[in-house]
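First up is the structure itself, then whatever we jot down about it.
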Amino acid sequence: MTRRGEATRARLIEATRAVVRDVGYPRASTRAIAQAAGVAEGTIYRHFPHKTALFFAAVLEANAPVIDRIAALPGRAGEGTVEGNLVEATVHLASLRDEIMPLELAIAADPELSAQRSEAMAAAGPSLPGPAEALAAYLAAEQRLGRIREDVEPREAAALLLGLLFALGTMPSSDAADLTARVASAVRLVVRGVLPAPASH
């Protein structure tokens, strides 16, 4: 991508954040985003296949440090404790709830956005990158080290952890510390179910 193309893409992402802040995801049209970015509406589709991809790029790029930390999780297999690593990872993911939750709800309520996301996931296939893949890869690595039960399916366990975050995200929270404590407590309950039984003496 040329320097000019990168600048246009960055402008589109910043415009998306601004429009979403003002009107929310359901009312954030590509026309309004293009207007805020100072480009023609068709320019959006030279950088993003559809509106859902633009929305996710706006969220993920704004939270790159968290996403990068989760992506590095598989490399930490064997370090610390499984419980500690997963609690830390999910607490970091929970910090995205104020941005991810409204987007997820908008996608669930909009058939067009939902279809676009399904198409993107199908095109990416089993190697779809993101928190779910990173968690599954981490769990698989710990399983190979014998630190997770052999009968646990890493992808299912990762989906369970992310589903737990989504469920907790729908509950009111008094502050960030309260959310962190609830996430950590819930994740510990799940994680203790995937650990091997302690050796009997």
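Residue numbers (our numbering): 797 to 997.
Ideal Cβ positions, reconstructed from N, Cα and C, are used throughout, including at glycine.
What you are looking at is a predicted structure, and each value in this text was computed from that prediction instead of being measured.
So what does DSSP say about I896, is it helix, strand or coil? helix
Taking all protein chains shown into account, do 16 or more other C-beta atoms lie within 10 angstroms of the C-beta of F962, making it buried, or fewer, making it exposed? exposed
Which whole-angstrom value is the C-beta distance of A902 and P822, which I expect to be below 8 Å? 5 Å
Could you give the distance in angstroms between the alpha-carbon of A849 and the alpha-carbon of A993? 43 Å
Do you know how far the Cα of T812 is from the Cα of P907? 20 Å
What is the C-beta distance between V887 and V979, in whole angstroms, given that I count them as a contact (C-beta under 8 Å)? 5 Å
So, using beta-carbon positions, are V1031 and L960 closer together than 8 Å? Coverage of the chain is limited to positions 797 through 997, which leaves residue 1031 absent and any answer about it impossible.
So, at 7 Å on beta carbons, what are the nonlocal neighbours of P950 in its own chain, with the 5 sequence-adjacent residues on each side left out? A932, L935, A936 and Q939
Who are the Cβ neighbours of Q912 in its own chain at under 6 Å, not counting the five residues just before and after it? H846 and T848
Counting along the chain, where does the alpha helix (DSSP H) carrying N859 start and finish? Note, N859: premise wrong, no alpha helix (DSSP H); not H, not E.
Do you know whose CA, among R807, R984, A828 and G876, lies nearest H843's CA? R807
Give me the Cβ distance between A930 and P870, rounded to the nearest whole Å; I'm assuming they're in contact under 8 Å. 6 Å
Hey, I866 and A854: beta-carbon distance below 8 Å or not? no
Own chain, CB closer than 6 Å to A824, minus 5 neighbours either side, in chain order: V815 and V816
Beta-carbon spacing of L899, P927 below 8 Å: no
Residue range of the unbroken alpha helix (DSSP H) whose run includes E802: R799 to V819
Just how far apart, CA to CA, sit Y841 and D864? 26 Å
Which residue marks the beginning of the alpha helix (DSSP H) containing V883, and which one marks its end? V878 to A890
Can you tell which of L882, E810, I809 and G834 has its C-alpha closest to the C-alpha of S981? L882
Backbone CA spacing between N859 and I896 [nearest angstrom]: 10 Å
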